[in-house]
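Number of protein chains: 2
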Amino acid sequence: MSSNAAMAETAALVGDPARACMLNALMDGRALTAGELASVAGITAQTASGHLARLSAAGLLAMERQGRHRYHRLATPAVARMLEAIMMVAGGGPPPARPRRIGPADAAMRNARTCYDHLAGRLGVAIADAMAARGQVELATDGGVVTPAGVEFLTGLGIAPDAGGSRRAFCKPCLDWSERRHHLAGGLGAALCTRCFELGWVKRVPASRTVLVTRAGEAGLRQAFGIELG
Amino acid sequence: MSSNAAMAETAALVGDPARACMLNALMDGRALTAGELASVAGITAQTASGHLARLSAAGLLAMERQGRHRYHRLATPAVARMLEAIMMVAGGGPPPARPRRIGPADAAMRNARTCYDHLAGRLGVAIADAMAARGQVELATDGGVVTPAGVEFLTGLGIAPDAGGSRRAFCKPCLDWSERRHHLAGGLGAALCTRCFELGWVKRVPASRTVLVTRAGEAGLRQAFGIELG
DNA sequence: GGCATGCTTCGGCATGGACCGAAGCATGGC
DNA sequence: GCCATGCTTCGGTCCATGCCGAAGCATGCC
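Heads up: the sequence lines are chains A and B, in that order.
1 is the number of the first residue of the first sequence in full-length UniProt numbering; add one for each residue after it.
1 is the number of the first residue of the second sequence in full-length UniProt numbering; add one for each residue after it.
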């Protein structure tokens, strides 16, 4: 009975066109700002704010503040699965996975750059994805941990995992500006970045945060992470 | 965009407490009458009627008229999957699969009985389920077909499949009164019923539609269909 | 400090839709 | 034929909620 009410409540949240629009825009796992979501839904910021608050309260969205922006993303994979199941019934079929482009205009910078002391852009996100997919790190919103498999992998790369008590701060997710997804920051991100420079896999573009992946880097990244940057 | 609207519309249908209640009651695949659904939702018949019309129009439910009753059930497995996914997010966990009991009060009659010229009750539904699960028949609302594998199976049982042009009428689903699910009717259902009597698997209770499964029947049904009637 | 930007809260309006009472069709049983 | 039952359609009420304008906090840039 209460199960009925909970189901209805959740479904009703998805049942509003504006909210459905926003959720749909988040289907690819990226995080978008409240303003962007208001824009895609075609409503004003204040209306969107109310919707986002309700979606977060119900556990459909997770929010992360970064400066004066608030980034929203789907709270769990279960939410994405639910939305997909609804679309299936609605006759829309599987999601179209449309390519949207926002963020830094410079293509090279979007591809790979430094963010403070670690790698960001497509390269940074790809490294984080690869390590997470292989169970080498486990990322959470508030922090992350390096698994035993990850320690072994890092050692093989020539990176000494911080054995001290600062394990938690060692692996920290950071929201990527252009990709709107997490990449690795913290001590781990810094160490990976440093090592990539040492190995000659990437090199800096003068007077810029942009970095370029070298020929050796393409091979090395492919071998180490299974990464293929188009 | 239109995909968004369709998703919102579908979700909104589930988003009403009364409708969610009705859909939930249908989660186990049974078919219930409009009156029963109104009752479980705690609303009047006329209100339920409106809800059911909308759910059917949207393709969430399928309707089947039998006498002056109208039986409603989930239109496709995709709808059940969607509801389950929503419940997952709503925190209700997987559906409880509650056992509800309506229909004939007589336990033996609920277990097995004849329906016109074929078997019904738990036995009839179990036979239909078993044959469908094994790909021996393919059941649709308006009719069904016996597959080549089904022909072979029936031959082994000593039943000659009707080789004439009346194949379609040969295999016909019939909505079970107590189980609220389909069992096999038509020529196939009649033949199966006759053969079960011939083999001594079931015998009639005098002056009643109720039939009893014999000891030989328990063994035979288990071997032929993999059926285990608790 | 002052200003701009991003987001939230508050108040009031308006539309949508859930609900029921009453009446209208079907179907089945007598 | 009649009546009972199950369901639907129609009409009207009422509440929930989505929406925006205006104002109020935060944060970042100068």
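All residues carry an ideal CB built from backbone N, CA and C; glycine is no exception.
Check, Outcome
"Enumerate, from N- to C-terminal direction, the unbroken alpha helix (DSSP H) stretches of 4 or more residues contained entirely within the UniProt domain \"HTH arsR-type\" (1 to 94) of chain B.", "2 to 14, 17 to 25, 34 to 41, 45 to 57, 77 to 90"
"Residues of chain B with CB closer than 7 angstroms to the CB of T10 of chain A, please, in chain order.", "I86, V89, A90"
"Could you check whether the Cβ of M82 of chain A sits closer than 8 angstroms to any Cβ belonging to chain B?", "yes"
"L123 of chain A to L212 of chain A, Cα distance in whole Å?", "10 angstroms"
"Distance, Cα to Cα, A126 of chain B vs R113 of chain B?", "13 angstroms"
"Counting only C-beta atoms, is A5 of chain B closer than 8 angstroms to chain A at any point?", "yes"
"Can you round the beta-carbon distance between G150 of chain A and M131 of chain A to whole angstroms, since I take them to be within the 8 angstroms contact cut?", "7 angstroms"
"From the beta carbon of R100 of chain A, is the nearest beta carbon of chain B less than 8 angstroms away?", "Low confidence applies here, because R100 of chain A scores a pLDDT of 46, under 50, leaving its location unreliable and the question unanswered by this model."
"What is the residue span of the beta strand (DSSP E) that T114 of chain B lies within?", "113 to 115"
"Within its chain, find whatever has a CB closer than 6 angstroms to the CB of A185 of chain B; leave out the 5 residues flanking it on each side and keep chain order.", "H118, K172, C174"
"Ends of the alpha helix (DSSP H) at V151 of chain A?", "148 to 157"
"Among A:E152, A:G121, A:H183, A:A160, which has the Cα closest to the Cα of A140 of chain A?", "A:H183"
"Can a CB atom of chain A be found closer than 8 angstroms to the CB of residue 268 of chain B?", "In the structure as shown, chain B starts at 1 and stops at 230, and residue 268 of chain B therefore has no counterpart that could be examined."
"So what does A132 of chain B bridge to, in DSSP terms?", "Paired residues: none, contrary to the question."
"Out of A:C115, A:P17, A:A31, point me to the one whose CA is closest to R180 of chain A's CA.", "A:A31"
"When burial is assigned at 16 or more other CB atoms within 10 Å of the CB, is A163 of chain A buried or exposed?", "For A163 of chain A, the predicted structure reports a pLDDT of 48, less than 50, and the residue's modelled location is therefore unreliable. A value from the coordinates is still provided. Its Cβ having fewer than 16 others within 10 Å, A163 of chain A is exposed."
"Using a beta-carbon distance below 8 angstroms, is G50 of chain B in contact with chain A?", "no"
"Report all residues from its chain with a CB closer than 7 angstroms to the CB of R195 of chain A; omit the five preceding and five following residues, and keep chain order.", "L157, G158, I159"
"Using CA atoms only, rank isn't needed, just tell me which of B:A75, B:M27, B:D16, B:Q66 is closest to H51 of chain B.", "B:D16"
"Is there a C-beta anywhere in chain A that falls below 8 angstroms from the one on D16 of chain B?", "yes"
"Check whether chain A comes within 8 angstroms of A53 of chain B, counting only Cβ atoms and requiring the distance to be less than that.", "no"
"If you draw a straight line from the C-alpha of G35 of chain B to the C-alpha of R73 of chain A, how long is it?", "42 angstroms"
"State the Cα-Cα distance for the pair G121 of chain A and A107 of chain A, rounded to the nearest angstrom.", "10 angstroms"
"Leaving out the 5 sequence neighbours to the left and right, which residues in its chain are closer than 8 angstroms to G135 of chain A when beta-carbon positions are compared?", "T147, A149, G150"
"Is M109 of chain A closer than 8 angstroms to R209 of chain A when the C-beta atoms are compared?", "yes"
"Using a cut-off of 9 angstroms between C-beta atoms, extract the partners of G78 of chain A located in chain B.", "The question names Gly, but residue 78 of chain A in the sequence shown is Ala. Near A78 of chain A (Cβ distances below 9 angstroms), the residues of chain B are A85, M88, V89."
"Rounded to a whole number of angstroms, what is the C-alpha to C-alpha distance between Y71 of chain B and C21 of chain B?", "16 angstroms"
"Kindly indicate if chain B contains any beta-carbon less than 8 angstroms away from that of L221 of chain A.", "no"
"Using only the alpha-carbon positions, how far apart do L23 of chain B and A128 of chain B sit?", "24 angstroms"
"Could you please give the first and the last residue of the uninterrupted alpha helix (DSSP H) stretch that includes L221 of chain B?", "215 to 225"
"If R81 of chain B sits next to A85 of chain A, beta carbons under 8 angstroms apart, how far is it from one beta carbon to the other, in whole angstroms?", "5 angstroms"
"Quick one: which chain B residues come within Cβ less than 8 angstroms of N24 of chain A?", "S3, N4, M7"
"Under 8 angstroms between C-beta atoms, does A57 of chain B make it to chain A?", "no"
"Just to confirm before moving on: does the CB-CB distance between T10 of chain B and A58 of chain B stay below 8 angstroms?", "yes"
"Would you please verify whether the beta carbon of C21 of chain B is less than 8 angstroms from any beta carbon of chain A?", "yes"
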